[in-house]
Amino acid sequence: NLSYNPIKKIQIDQFDFLIKLKSLSLEGIEIANIQRRMFRPLGNLSHIYFKKFQYCGYAPHVRSCKPNTDGISSLENLLASIIQRVFVWVVSTITCFGNIFVICMRPYIRSENKLHAISIMSLCCADCLMGIYLFVIGAFDLKYRGEYNKHAQLWMDSIHCQLVGSLAILSTEVSVLLLTYLTLEKYICIVYPFRCLKPRKCRTISILVLIWIIGFAVAFIPLSNKEFFRNYYGTNGVCFPLHSEQTESSGSQIYSVVIFLGVNLAAFIIIVFSYGSMFYSVHQTAITATEIRNHIKKEMILAKRFFFIVFTDALCWIPIFILKLLSLLQVEIPGTITSWVVIFILPINSALNPLLYTLTTRPFKEMIHQVWYNYRQRRSKRGKDSQKTYGPSFIWVEMWPIHEITPKLTKPVLCTDSSDASVTTQSTRLNSYT
Numbered sequence: 055n056l057s058y059n060p061i062k063k064i065q066i067d068q069f070d071f072l073i074k075l076k077s078l079s080l081e082g083i084e085i086a087n088i089q090r091r092m093f094r095p096l097g098n099l100s101h102i103y104f105k106k107f108q109y110c111g112y113a114p115h116v117r118s119c120k121p122n123t124d125g126i127s128s129l130e131n132l133l134a135s136i137i138q139r140v141f142v143w144v145v146s147t148i149t150c151f152g153n154i155f156v157i158c159m160r161p162y163i164r165s166e167n168k169l170h171a172i173s174i175m176s177l178c179c180a181d182c183l184m185g186i187y188l189f190v191i192g193a194f195d196l197k198y199r200g201e202y203n204k205h206a207q208l209w210m211d212s213i214h215c216q217l218v219g220s221l222a223i224l225s226t227e228v229s230v231l232l233l234t235y236l237t238l239e240k241y242i243c244i245v246y247p248f249r250c251l252k253p254r255k256c257r258t259i260s261i262l263v264l265i266w267i268i269g270f271a272v273a274f275i276p277l278s279n280k281e282f283f284r285n286y287y288g289t290n291g292v293c294f295p296l297h298s299e300q301t302e303s304s305g306s307q308i309y310s311v312v313i314f315l316g317v318n319l320a321a322f323i324i325i326v327f328s329y330g331s332m333f334y335s336v337h338q339t340a341i342t343a344t345e346i347r348n349h350i351k352k353e354m355i356l357a358k359r360f361f362f363i364v365f366t367d368a369l370c371w372i373p374i375f376i377l378k379l380l381s382l383l384q385v386e387i388p389g390t391i392t393s394w395v396v397i398f399i400l401p402i403n404s405a406l407n408p409l410l411y412t413l414t415t416r417p418f419k420e421m422i423h424q425v426w427y428n429y430r431q432r433r434s435k436r437g438k439d440s441q442k443t444y445g446p447s448f449i450w451v452e453m454w455p456i457h458e459i460t461p462k463l464t465k466p467v468l469c470t471d472s473s474d475a476s477v478t479t480q481s482t483r484l485n486s487y488t
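Following this line, the structure appears as structure tokens:
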């Protein structure tokens, strides 16, 4: 029993002559140079006790190892809980299907801002990568089912784990940067409608390419220098560097803090501030206009959309910021919390972004109404050879919802004062960006 001794290093051949040893306790000891070679001579060892679950992977031949889980993985399975194993497939399916559906449907929305559509499709591609990441984790959980500890260390050190972790970070960072860009674009055009320049295709594509380059750099830099970053992605079974472990190098700790509490926290603050300013600007404009009642309903719809966008961002990122701060304060974080964050909380934005930015927007609803209307018309005319049948069309004329179209909307809008003109301009901006 060597537990809680002030041992800083164990020699590789320390246990070579203890071939009859049956139980070994190393609890409370940080083994920085741990290797499989240390425990290989202990053929009769049946019980071993470590400080961390990850150390069990270095003694896979031992029948009983404690602790037997880190909250994410167990000795038997990569994903310890049945809830995790089920939901990793459910969340990945929803995330992939929703984003692929939006990518396929966006080109058919003809009358919206094309450059905005390109940005949304780029966002969906980034979010889809999160679904692919969860699919891969679920697949390797199936592969190692029932004997995970035999492969745990090889898996966390493997190139597959490194690439999967990089994919998750790439998805996360590109999504965060794209949401920030889309938010700032809306902010400028709504709060400063008369200063808003028409976005150019070259500028938009350049910004999107730059965002993806930054995302790739952030995700793959830890793989470029193993001595500095160590095993940055291989700190747990799901290969996601959510919080710093004490065994991580100072380089990994600094890099992780810069990403999560630097870039991502700054982006979150910008998004919250921008949406708050947008709503306040529209609210103030409506108050100064002459026809206040006509804008109340639209303002409430806008408020709901703003609320859900900011709410999902907060639901996703605030727990991560808290975990990161706790890790900096050296507070022990249960692995169960980490697994819930990675599988349930982190993909929230990736799963809901298609709903918030496409499936609930006015152009998409109008397209669905148009398709359904043409489908019913075609069915009603199917038996009438004398009448011409029209196929479904994805192009509509009005930007207002189908049930709100009235003859009055076909008349030109007359602005009696500057505040009315401002409201009209902002309504047009909102129609093209929401």
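So the number in the working numbering is just where the residue sits in the sequence shown, counting from 1, plus 54. Beta carbons: idealized from backbone N, C-alpha and C, even for Gly. From a predicted model like this one, the values you see are computed outputs, not experimental measurements.
Asked	Found
Exposure of Ile83, with buried meaning 16 or more beta-carbon neighbours within 10 Å	buried
Cβ shell of Val228 (< 7 angstroms), same chain only, five flanking positions each side left out	Ala180, Ile265, Trp266 and Gly269
Anticipated Cβ contact below 8 angstroms, Leu319 with Val396, distance rounded	Incorrect: roughly 19 angstroms between the Cβ atoms, too far for contact.
Contact check, Gly291 vs Tyr202, beta carbons under 9 angstroms	yes
Which listed residue (Ile391, Arg160 and Phe327) has its alpha carbon closest to that of Met421	Arg160
Inter-residue spacing [alpha-carbon to alpha-carbon] between Met453 and Asn407	Confidence is the limiting factor: at Met453 the pLDDT is only 32, short of 50, which leaves the residue's position unreliable, though a coordinate-based value still follows. When rounded, the distance between both Cα atoms is 22 angstroms.
Best match in Asn428, Phe418, Ile376 and Thr366 for proximity to Ala405 [C-alpha to C-alpha]	Thr366
Ser146: first and last residue of the uninterrupted alpha helix (DSSP H) it sits in	Ile136 to Met159
Distance, Pro373 Cα to Leu380 Cα	11 angstroms
Backbone CA spacing between Met210 and Phe362 [nearest angstrom]	37 angstroms
Proximity of Ile489 and Tyr112 at Cβ, strictly below 9 angstroms	Limits of the chain in this structure are 55 at one end and 488 at the other, which puts residue 489 out of reach.
First through last residue of the beta strand (DSSP E) which encompasses Tyr103	His101 to Tyr103
Leu169 beta carbon less than 9 angstroms from that of Arg284	no
Lys197 (DSSP reduced to helix, strand or coil)	helix
Beta-carbon gap between Pro114 and His214 smaller than 9 angstroms	no
For Lys204, the three-state DSSP class (helix, strand or coil)	helix
Cβ-based burial, Thr460 [other Cβ within 10 Å; buried from 16]	Its pLDDT being 40, under 50, Thr460 is placed unreliably in this model, and the value from its coordinates should be taken loosely. Under this definition Thr460 is an exposed residue.
Alpha helix (DSSP H) runs contained entirely in the region 75-135, provided each spans 4 or more residues	none
Residues of its chain near Asn55, where Cβ-Cβ distance is below 7 angstroms and the 5 sequence neighbours each way are ignored	Ser79
Own chain, CB closer than 6 angstroms to Cys119, minus 5 neighbours either side, in chain order	Ile102 and Cys110
DSSP-derived helix/strand/coil call for Ser57	coil
Span separating the alpha-carbon of Phe107 from that of Pro121	5 angstroms
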